[in-house]
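The block underneath contains the structure these notes are about, expressed in structure tokens.
Number of protein chains: 2
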Amino acid sequence: MISEKMKNLVKNNSVIREMFEEGKRLAKIYGKENVYDFSLGNPNVPAPKEVNEAIIKILETEDSCFVHGYMSNSGYEDVREKIAENINKKYLTNFSYKNLIMTVGAASGLNIVLKSILNPDDEVIVFAPYFSEYNNYIRNYDGIVVKIDSDKKSFMPNLKEFESKINDKTKAVIINTPNNPTGVIYKEEIIIELSKIMKQKELELNHPIYLISDEPYRELVYENIEVPYVTKYYNNSFVVYSYSKSLSLPGERIGYVVVPNELEDADEMIDAVTIANRIIGCVNAPSLIQRAIPYCLDVKTDIEAYRKNRNLLCQILMENKFEFVNPEGAFYLFVKTPNGDDREFCNIAKKYNLLFVPGSSFSCPGYVRIAYCVSYEIIERSKEAFKKLSKEMKLIDF
Amino acid sequence: MISEKMKNLVKNNSVIREMFEEGKRLAKIYGKENVYDFSLGNPNVPAPKEVNEAIIKILETEDSCFVHGYMSNSGYEDVREKIAENINKKYLTNFSYKNLIMTVGAASGLNIVLKSILNPDDEVIVFAPYFSEYNNYIRNYDGIVVKIDSDKKSFMPNLKEFESKINDKTKAVIINTPNNPTGVIYKEEIIIELSKIMKQKELELNHPIYLISDEPYRELVYENIEVPYVTKYYNNSFVVYSYSKSLSLPGERIGYVVVPNELEDADEMIDAVTIANRIIGCVNAPSLIQRAIPYCLDVKTDIEAYRKNRNLLCQILMENKFEFVNPEGAFYLFVKTPNGDDREFCNIAKKYNLLFVPGSSFSCPGYVRIAYCVSYEIIERSKEAFKKLSKEMKLIDF
Chain A
147 MISEKMKNLV KNNSVIREMF EEGKRLAKIY GKENVYDFSL GNPNVPAPKE
197 VNEAIIKILE TEDSCFVHGY MSNSGYEDVR EKIAENINKK YLTNFSYKNL
247 IMTVGAASGL NIVLKSILNP DDEVIVFAPY FSEYNNYIRN YDGIVVKIDS
297 DKKSFMPNLK EFESKINDKT KAVIINTPNN PTGVIYKEEI IIELSKIMKQ
347 KELELNHPIY LISDEPYREL VYENIEVPYV TKYYNNSFVV YSYSKSLSLP
397 GERIGYVVVP NELEDADEMI DAVTIANRII GCVNAPSLIQ RAIPYCLDVK
447 TDIEAYRKNR NLLCQILMEN KFEFVNPEGA FYLFVKTPNG DDREFCNIAK
497 KYNLLFVPGS SFSCPGYVRI AYCVSYEIIE RSKEAFKKLS KEMKLIDF
Chain B
147 MISEKMKNLV KNNSVIREMF EEGKRLAKIY GKENVYDFSL GNPNVPAPKE
197 VNEAIIKILE TEDSCFVHGY MSNSGYEDVR EKIAENINKK YLTNFSYKNL
247 IMTVGAASGL NIVLKSILNP DDEVIVFAPY FSEYNNYIRN YDGIVVKIDS
297 DKKSFMPNLK EFESKINDKT KAVIINTPNN PTGVIYKEEI IIELSKIMKQ
347 KELELNHPIY LISDEPYREL VYENIEVPYV TKYYNNSFVV YSYSKSLSLP
397 GERIGYVVVP NELEDADEMI DAVTIANRII GCVNAPSLIQ RAIPYCLDVK
447 TDIEAYRKNR NLLCQILMEN KFEFVNPEGA FYLFVKTPNG DDREFCNIAK
497 KYNLLFVPGS SFSCPGYVRI AYCVSYEIIE RSKEAFKKLS KEMKLIDF
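Taken in order, these protein sequences are the chains called A and B.
Every letter in the first sequence is one number past the one before it in the numbering used here, and letter 116, counting from 1, is 262.
Every letter in the second sequence is one number past the one before it in the numbering used here, and letter 184, counting from 1, is 330.
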């Protein structure tokens, strides 16, 4: 007697669970250290020490009813003001606390934005490959997912197709850069071109089309590339941010949504997003960790550790003739499956205790995602397994 | 361009904001200590010291990636197991970790249960007066709110009307005991009678009707009354719990949902609730505070402080001839408005710096809610104001 909407989700869930169980099964047989689990996006770098120091300081000095109590549904004003100032300093924006709504991570940030804008059958454009949860978030509000393929050489959005797919029902566009699962970053020229198309279409169709920028990987950049701040290029933008990766706090569920003043009817939208935060059941972002954030605004996770992982894994993949696009950010590699069938390839890889996620899960079959937020030692130890896999796929013959 | 569903919510929001602004305005003029703000359900009793001690101990001894990291969408297995054991010990139930899904407070607990069971136009029965957010939670999933009046003498549910309103579209019934806003508790005979009617109707209509028990005030009981554990009386029950009040942690957003094995297709429902927790955007209950809960299972908030408040406020109200039902639990008093118009009465009370919430906000006009989770001193100082209000309402003439 579960709801119709949930039925398929429950059915599909067993697939994910099987994969999880398979990992546990392999660990039991071969030992945890001999299973090369590249399937999870869970940071392996610990939170910077400043996080725990801030939490303890707050507990020791601030009033309990304040620290653990309700605040405005959009979060503590002083916390939001300090974050706004920090964004302004870094990106030359002009936000105040009013433009920020603290959220239960980026996932709830995306949900409250979509709840605030979507009417049934409104279309939301996403660029494949993309985080498959977007499908669920959009369907939560009876929106329709419109998928646009990326150029397979660069994994940049196909802007021609994009332009052709915008119509009267188009309400929003979601981008995610640095990208999960490809690791690519949309450079400034892409954002400029994308914005130009959207502005033109807004004029033609005479209604706002929102750009939603999902940015949990903003700080995880390994090349000398700037990740453009979208509100500077396009007025009807939302930025959805999370500290899950930048401070290694995914379990704590802390992030924010930026609604810029330039967005049409910004005040009303800020109200809508704040109310949505309340009524979807979050009420407010968790209070103690929220208060700890201002102490960690200029603190960074250990990006060098991820860079080292990336470099080693790229080297192993190249030596073994696997094809992939150079990952400039996030902690994922998106690798072409030599046999074209990503699910089958994942099964073959499992024989060597290598666990990947099939690209089909990101609406991009023929590829697999390798998450390198694991220990360096695991990657080192996985060398032989990758070699055997390559041999079996006939990429190398030595 | 906000969504149709959000439009009315944004419009109504200005009313709540006005009230909040009014409180701030009065505090500015008369000083914060001379404004008797009885409008908020925010605990004034600090969290028991064990909470902060547990948090610090965890930060100092447990692995950062584990403490701040992702876990299963239903929460840490060891945390759920310890909570299950504690419930079993207290209420002679038979739960394991599998029956518990950790949530972002009770608000998200209610949301994920409703998302898991409601199809569009399914009806959910609520007993007035009730927490008005239920309306939003039900409408989030296109459900229809069916309101049943309570007996105004006891504020017990009108079970005759209840029975007559159950039909083929009835999917669930929400109860909240100890109750916000009346403070009454549904005793065992009420739960038995309610369950009997629901069981009979399930047989007649041949589909499950779920009982959802919203229990954030379970521990806040001032008389020698047991709050029945509904799963022992009715199989198709969900218990939605929160530590917001029992541990004074409303800002931390920590609670759980119980899905008992006796519920029809329990395994499928557990999956559905867990997936709903993920896709509405919570992903999981905040990790650090989740891990702190097992250290505080037998710790209680300072109930004596609330009892003292209640007793003093009851005395003041009686001396001034106000009518109300004896509050046995929670931290609210539901007082009859002498003039019959609750909104006007709230406005009159404001003249004496007394802030209440009109009963209309709980679908029960003609009453006001007085929240006594404030300092004892505030209540003491409010004596004269209540006297003046009573005089103006012609309840007393001295």
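Even glycine gets a Cβ: it sits at the ideal position worked out from N, Cα and C.
Chain B contact for residue i (CB, 9 Å cutoff)
i: A:Lys342; result: no
i: A:Val481; result: no
i: A:Asp201; result: The sequence given here places Ile at residue 201 of chain A; Asp does not occur at that position. Closer than 9 Å to some Cβ of chain B, the Cβ of A:Ile201 qualifies, so yes.
i: A:Cys211; result: yes
i: A:Leu349; result: no
Cβ-Cβ separation, residue j to residue i (assumed contact under 8 Å), whole Å
i: A:Val553; j: A:Val503; result: Outside the modelled stretch of chain A, which goes from 147 to 544, sits residue 553 of chain A, for which no answer is possible.
i: A:Ile416; j: A:Ile355; result: Wrong, their Cβ atoms sit about 19 Å apart, outside the cutoff.
i: B:Ser394; j: B:Pro362; result: Not a contact, Cβ separation roughly 12 Å.
i: A:Ile331; j: A:Tyr379; result: No, A:Ile331 and A:Tyr379 are not in contact; Cβ-Cβ is about 15 Å, not under 8 Å.
i: B:Pro324; j: B:Gly475; result: 3 Å
i: A:Arg424; j: A:Asn219; result: 4 Å
i: B:Glu334; j: B:Pro374; result: 5 Å
i: B:Leu501; j: B:Ser254; result: 28 Å between Cβ atoms; not a contact.
i: A:Ile525; j: A:Leu458; result: 5 Å
i: B:Leu351; j: B:Asn382; result: Rounded, the Cβ-Cβ distance is 12 Å, inconsistent with contact.
i: B:Val225; j: B:Pro440; result: 6 Å
Chain-ordered neighbours of residue i on chain A, where CB pairs are closer than 7 Å
i: B:Leu546; result: With chain B covering only 147 through 544, there is no way to say anything about residue 546 of chain B.
Listed by chain order, chain B residues near residue i by CB distance under 8 Å
i: A:Glu150; result: Asn265
i: A:Met217; result: Gly397
i: A:Ser278; result: Simply none; closest approach about 11 Å.
i: A:Leu155; result: Ala418, Ile421 and Ile425
Interface flag, residue i vs chain A, CB-CB below 9 Å
i: B:Tyr283; result: yes
i: B:Ile421; result: yes
i: B:Ser433; result: yes
i: B:Ala418; result: yes
i: B:Gln436; result: yes
i: B:Leu247; result: Looking at the sequence shown, residue 247 of chain B is not Leu but Ile. Judged by the 9 Å Cβ criterion, B:Ile247 is not in contact with chain A.
i: B:Ile516; result: no
Start-to-end residues for the beta strand (DSSP E) that takes in residue i
i: B:Phe545; result: Examination of residue 545 of chain B is not possible in this model, given that chain B is present from 147 through 544 alone.
i: B:Asp411; result: From DSSP, B:Asp411 is part of no beta strand (DSSP E); its letter is neither H nor E.
i: A:Thr316; result: Thr316 to Asn322
i: B:Gly605; result: In the structure as shown, chain B begins at 147 and stops at 544. Residue 605 of chain B is therefore absent and cannot be evaluated.
i: B:Val213; result: Not the beta strand (DSSP E): B:Val213 falls in the alpha helix (DSSP H), residues Ser210 to Val213.
i: A:Arg515; result: Tyr513 to Ala517
i: B:Ile358; result: Tyr356 to Asp360
i: B:Met248; result: Leu246 to Thr249
Contact list for residue i against chain A, beta-carbon separation under 9 Å
i: B:Glu490; result: Result: empty, since nearest Cβ-Cβ is about 27 Å, beyond 9 Å.
i: B:Asp411; result: Met147 and Ile148
i: B:Lys261; result: Ser149, Lys151, Met152 and Asn286
i: B:Val250; result: Val250, Ser254, Arg399, Gly427, Cys428, Val429 and Pro432
Contacts that residue i makes with chain B (C-beta to C-beta distance below 9 Å)
i: A:Ala253; result: Arg424, Ile425, Ile426, Gly427, Cys428 and Val429
i: A:Lys298; result: Those do not exist, as A:Lys298 stays about 29 Å from chain B at its closest Cβ, beyond 9 Å.
Under 7 Å by beta carbon: chain B residues contacting residue i
i: A:Met415; result: Ile148
i: A:Pro192; result: Ser210 and Cys211
Residue j beta carbon less than 9 Å from that of residue i
i: A:Ala517; j: A:Gly187; result: yes
i: A:Ile201; j: B:Leu434; result: yes
i: A:Tyr478; j: A:Asn326; result: yes
i: B:Leu541; j: B:Pro484; result: yes
i: B:Phe508; j: B:Tyr276; result: yes
i: A:Ile258; j: A:Val419; result: yes
i: A:Asp314; j: A:Gly289; result: no
i: B:Ala451; j: B:Val197; result: no
i: B:Val404; j: B:Val386; result: yes
i: B:Thr447; j: B:Pro194; result: yes
i: B:Glu179; j: B:Arg527; result: yes
i: B:Asn407; j: B:Asp360; result: no
i: A:Val471; j: A:Lys299; result: yes
i: B:Lys345; j: B:Ile263; result: no
Alpha helix (DSSP H) segment containing residue i, residue limits
i: A:Ser536; result: Lys529 to Glu538
i: A:Phe308; result: Leu305 to Lys311
i: A:Ile494; result: Asp488 to Lys497
i: A:Asp224; result: Glu223 to Tyr237
i: A:Glu339; result: Glu334 to Leu351
Proximal residues of chain A, C-beta to C-beta of residue i below 8 Å
i: B:Ser392; result: Those within 8 Å of B:Ser392 in chain A number zero; the least Cβ separation is about 12 Å.
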